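S.K.: Take a look at the following structure, please.
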Amino acid sequence: MTDHEYHELADALMLTIEEQIDDCDVDLDYESQSGILEIIFPDKSKIIINKQAPLHQVWVATKFNGHHFELQGEQWIDNRSGAEFWQFMSEAATKQAGAPIEWQHD
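If you count by the working numbering, then the sequence shown holds residues 205 to 310, one letter each, in order.
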């Protein structure tokens, strides 16, 4: 994967989540700048997603732990647990919010 392809895919991943925040039943907010997306929960905790361009990874930090996702085929996979990004994000956000949150990949 080229650097250009990585940036396009990682930016699209973050934009997909940003677009879904406004439609979420949980009162979420977000801040996005310079390759970092902070999802802010009602209790003021955060999930932070940030691009790691030199490694072609997307890192996710929740209030419980951190994960490093790499593109394998067409899916972002956690290089530690093997979790798929969208499933992981739905589970992590649900746990952090204390209410169901389902992120959908376009």
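Heads up, the beta-carbon is just placed ideally off N, CA and C, and yes, glycines get one too. Predicted model, so just to flag it, every value in this text is computed and none were measured.
Compute the distance between the beta-carbons of S294 and I305, then report whether it is under 9 Å.
M.R.: Within the sequence shown, the letter at position 90 stands for residue 294. Within the sequence shown, the letter at position 101 stands for residue 305. Their beta carbons are under 9 Å apart, which means S294 touches I305 by this criterion.
S.K.: Quick check on the DSSP output: the alpha helix (DSSP H) that includes H208 runs from which residue to which?
M.R.: By one-based count along the sequence shown, residue 208 stands at place 4. From DSSP, the alpha helix (DSSP H) with H208 extends over 207–225.
S.K.: W307 by DSSP, collapsed to three states: which one?
M.R.: In the sequence shown, residue 307 corresponds to position 103, counting from 1. The answer is coil: DSSP assigns W307 none of H, G, I, E or B.
S.K.: Which residue marks the beginning of the alpha helix (DSSP H) containing K267, and which one marks its end?
M.R.: Taking the sequence shown and counting its residues from 1, the one referred to as residue 267 is at position 63. Here K267 belongs to no alpha helix (DSSP H), and DSSP marks it neither H nor E.
S.K.: Under 9 Å between the Cβ atoms of F268 and Q237?
M.R.: Numbered from 1 along the sequence shown, position 64 holds the residue referred to as residue 268. Numbered from 1 along the sequence shown, position 33 holds the residue referred to as residue 237. In this structure, Q237 does not lie closer than 9 Å to F268 by Cβ.
S.K.: So, using beta-carbon positions, are I225 and I243 closer together than 9 Å?
M.R.: Working through the sequence shown from its first residue, we reach residue 225 at position 21. Working through the sequence shown from its first residue, we reach residue 243 at position 39. Yes, Cβ-Cβ distance for I225 and I243 is below 9 Å.
S.K.: With contact counted as at least three CB pairs below 8 Å, one residue from each stretch, are the segment 253–263 and the segment 210–220 in contact?
M.R.: Here the segment 253–263 makes contact with the segment 210–220; the two share three or more CB pairs at distances below 8 Å.
S.K.: In its own chain, which residues sit with a C-beta less than 7 Å from the C-beta of A214, not counting the 5 before and 5 after it?
M.R.: The residue given as residue 214 occupies position 10 in the sequence shown. Correct list, in chain order: K255, V262.
S.K.: Under the three-state reduction of DSSP, which class applies to L259: helix, strand or coil?
M.R.: The residue labelled residue 259 in the question sits at position 55 within the sequence shown. In the structure shown, L259 sits in a helix (DSSP, three-state: H, G or I).
S.K.: Give me the Cα-Cα distance between N283 and P258, rounded to the nearest whole angstrom.
M.R.: Taking the first residue of the sequence shown as 1, we reach residue 283 at position 79. Taking the first residue of the sequence shown as 1, we reach residue 258 at position 54. About 16 Å.
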